[in-house]
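Taking it in order: structure first as structure tokens, then the write-up.
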Amino acid sequence: MKGIVFTEFLELVENEFGLEVVQQIIDECELDTEGVYTSVGTYSHKDMFKMVGKLSEIKGIPVPALLTVFGEYFFTTLKDKYPVFVEKPNLFSFLNSIDQYIHPEVLKLYPEAELPRFDAEIKSDNEMILNYMSSRKMSDLAIGLIKGAANHFKENVDVVKIGEEDDGQKVLLKVNKI
Ligand code: HEM
77 MKGIVFTEFL
87 ELVENEFGLE
97 VVQQIIDECE
107 LDTEGVYTSV
117 GTYSHKDMFK
127 MVGKLSEIKG
137 IPVPALLTVF
147 GEYFFTTLKD
157 KYPVFVEKPN
167 LFSFLNSIDQ
177 YIHPEVLKLY
187 PEAELPRFDA
197 EIKSDNEMIL
207 NYMSSRKMSD
217 LAIGLIKGAA
227 NHFKENVDVV
237 KIGEEDDGQK
247 VLLKVNKI
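Written out as structure tokens, the structure is:
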């Protein structure tokens, strides 16, 4: 997993909960890196789950909720860093482009990136289905990223899981305009 995911996560924790909580997470998780991440480095996604799990323990907030909030925040970082990817007319055409265009481009820039696959289908003007597939099991992060994208396109949506297989490695997401 690319370092930018870790540096942004720790920045969000610092903004929301303060530096002491960041320090506590680094001290109490047995991280591969001892908490030192550079945005261009590559690290184990297991470290991310250790840190999110620890934050959940400290703050009493469930892990899925933390991943979703982080995804929403992380989207603003991605769109500032890669503005060309969000040049789309609306949310659904943007979401349709993740698997076809965005993530393949990311992979050209960072061949070591570990990206999920998405089968996407626009069902109607108001409904879209995304089938998340990744051994990292981060569909809750995907939900947050979708919500972040919806904010960017000024669209109001509900995102729900309508099916799950292989312990979260395949998750069917329904995005509905409200
Ligand atoms: C500007 C648009 C986007 C860019 C540039 C982008 C790029 C990236 C990058 C750099 C990573 C980290 C890869 C790694 O750590 O090795 C990542 C991971 C991920 N992306 Fe995207 N992404 C974008 C939009 C989205 C959206 C809208 C979704 C949700 C549908 C999404 C879903 C995910 C997920 C869930 C991961 C975590 C890895 C996994 O689950 O296997 N991305 N993306």
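In case it helps, this note's numbering puts the sequence shown at residues 77 to 254. Ideal Cβ positions, reconstructed from N, Cα and C, are used throughout, including at glycine.
For F194, the enclosing beta strand (DSSP E) stretches over residues R193 to I198.
The DSSP-derived three-state label of Y208 is strand. Between the alpha carbons of I174 and G79 lies a gap of roughly 20 Å.
Where L249 is concerned, the enclosing beta strand (DSSP E) starts and stops at K246 to K253. Apart from sequence neighbours up to five positions away, the residues of its chain that approach D195 with a beta-carbon distance below 6 Å are N207, ordered along the chain. Taking all protein chains shown into account, D156 has fewer than 16 neighbouring C-beta atoms within 10 Å of its C-beta and is therefore exposed. Taking C-alpha positions only, I102 is separated from T109 by approximately 9 Å. Runs of alpha helix (DSSP H) with 4 or more residues, each lying fully within the region 95-164, are found at 95-104, 121-135 and 139-157, listed in chain order. An exposed status is given to L185, since fewer than 16 other beta-carbon atoms sit within 10 Å of its beta-carbon. In the displayed model, D234 falls within a strand according to three-state DSSP.
In the three-state reduction of the DSSP assignment, E188 falls in the coil class. Beyond the five residues adjoining it in sequence on each side, M127 comes within less than 7 Å, by CB distance, of F85, I101 and C105 in the same chain, given in chain order.
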